[in-house]
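Asks: One structure, as structure tokens, below. Some questions next.
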Amino acid sequence: MWDQIYDTEEYVYGKLPNDFLKSHYDAIPEGKVLLLAEGEGRNAVFLAKLGYSVTAVDISNVAIQKLERLAKENNVVIETICADLATFDLGESKWDGIVSIYCHLPPTLRQDLYSRIELAIKPSGVFLLEGYRPEQLVYKTGGPPVASMMISKETLIKELPKFSFRHLEALDRVVNEGINHHGIGAVIQAIGSLK
Numbered sequence: 377m378w379d380q381i382y383d384t385e386e387y388v389y390g391k392l393p394n395d396f397l398k399s400h401y402d403a404i405p406e407g408k409v410l411l412l413a414e415g416e417g418r419n420a421v422f423l424a425k426l427g428y429s430v431t432a433v434d435i436s437n438v439a440i441q442k443l444e445r446l447a448k449e450n451n452v453v454i455e456t457i458c459a460d461l462a463t464f465d466l467g468e469s470k471w472d473g474i475v476s477i478y479c480h481l482p483p484t485l486r487q488d489l490y491s492r493i494e495l496a497i498k499p500s501g502v503f504l505l506e507g508y509r510p511e512q513l514v515y516k517t518g519g520p521p522v523a524s525m526m527i528s529k530e531t532l533i534k535e536l537p538k539f540s541f542r543h544l545e546a547l548d549r550v551v552n553e554g555i556n557h558h559g560i561g562a563v564i565q566a567i568g569s570l571k
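Following the numbering used here from start to finish, the sequence shown increments by one per residue and tops out at 571.
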């Protein structure tokens, strides 16, 4: 499915970074950053240009190829991994930052991934997330078609019990990120670290 979505000359989520990441990247300590379901690379390239050591994982080989092309255009080096998050090994105490921008998964997989994130992040590391809330189904301007794959404050607090959040906000905002995220969106934004 994702290969078909990304199989176009156009960058379907654009080439510019996510607004929330762009405004709050400095919450992430310098060092190694992992981007989950990174797609075509807009956020990976942004962080690499700022000097972070970036690893980007996505299930779509087509997206990875476009990411590598965008990295080359911007003269940055990014480690790319084509993998399914259901089986991808995040490691232990490995990352200074883990970034999840619109990474929407079925609840069981999401809970499993979140438990692995808690193990994979360094004690001083930061988890930064923006995703759609269930209220997004009203707007229909992006995201999955089912509420169970979306994220709420309560979801994050319950499924990431080892994290404390310095920023956790539910809001509606204009999202203009390519052709697939365009218009008012009901989002959740979070910045957390291990307790």
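The beta carbon of each residue, even a glycine, is placed where N, CA and C say it ideally should be. No experiment lies behind these values; they were computed from the predicted model shown.
Closer than 8 Å is the cut-off here; do at least three beta carbon pairs connect the segment 496-513 with the segment 428-446?
Replies: The segment 496-513 is not in contact with the segment 428-446.
Asks: Just the Cα atoms here: how many angstroms apart are A566 and I477?
Replies: If I take the Cα positions, the gap works out to 10 Å.
Asks: Using a Cβ-Cβ cutoff of less than 8 Å, which residues in the same chain neighbour Y382 once the five nearest sequence positions on both sides are dropped?
Replies: Within the same chain, Y382 has close Cβ partners V388, G415, E416, S436, V438, A439 and K442.
Asks: Give me the residue from L570, I404 and L446 with the minimum Cα distance to I454.
Replies: Checked all of L570, I404 and L446; the closest Cα to I454 is L446.
Asks: The beta strand (DSSP E) with S500 in it runs from where to where?
Replies: Unbroken beta strand (DSSP E) run through S500: I497 to Y508.
Asks: What span of residues does the alpha helix (DSSP H) with A447 cover, start to end?
Replies: Where A447 is concerned, the enclosing alpha helix (DSSP H) stretches over N437 to E449.
Asks: Just the C-alpha distance for L423 and L513, rounded to the nearest angstrom, thanks.
Replies: Computed Cα separation, rounded: 30 Å.
Asks: Among the residues of its own chain, which have a CB less than 8 Å from the CB of P520, if the five just before and after it don't count?
Replies: These residues qualify, in order along the chain: H480, Y508 and M526.
Asks: Using a 10 Å radius around the Cβ and a threshold of 16 neighbouring Cβ atoms, would you call D379 buried or exposed?
Replies: Counting Cβ neighbours within 10 Å, D379 comes out exposed, since fewer than 16 surround it.
Asks: Does the distance from the C-beta atom of V563 to that of R549 stay below 8 Å?
Replies: For V563 and R549, yes; Cβs fall inside 8 Å.
Asks: By the DSSP assignment, the beta strand (DSSP E) with H558 in it spans what residues?
Replies: Start and end: H557 to L570.
Asks: If you follow the beta strand (DSSP E) that E455 is part of, which residue opens it and which one closes it?
Replies: Run containing E455: E455 to C458, per the beta strand (DSSP E) assignment.
Asks: My assumption, with CB atoms under 8 Å, is that E468 sits in contact with K538. Please give the rounded CB distance.
Replies: About 13 Å separates the two Cβ atoms, so there is no contact after all.
Asks: What is the DSSP secondary structure of L547, counted as helix, strand or coil?
Replies: Here L547 sits in strand by DSSP.
Asks: Report the option in I560, F464 and G501 whose CA atom is closest to the CA atom of Y515.
Replies: It is I560 whose Cα lies nearest to the Cα of Y515.
Asks: In the DSSP assignment, find the unbroken beta strand (DSSP E) run with A381 in it and report its ends.
Replies: In the sequence as displayed, the identity of residue 381 is Ile instead of Ala. Element bounds for I381: not the beta strand (DSSP E) but the alpha helix (DSSP H), W378 to Y382.
Asks: Identify whether K529 lies in helix, strand or coil by the three-state DSSP scheme.
Replies: It is helical.
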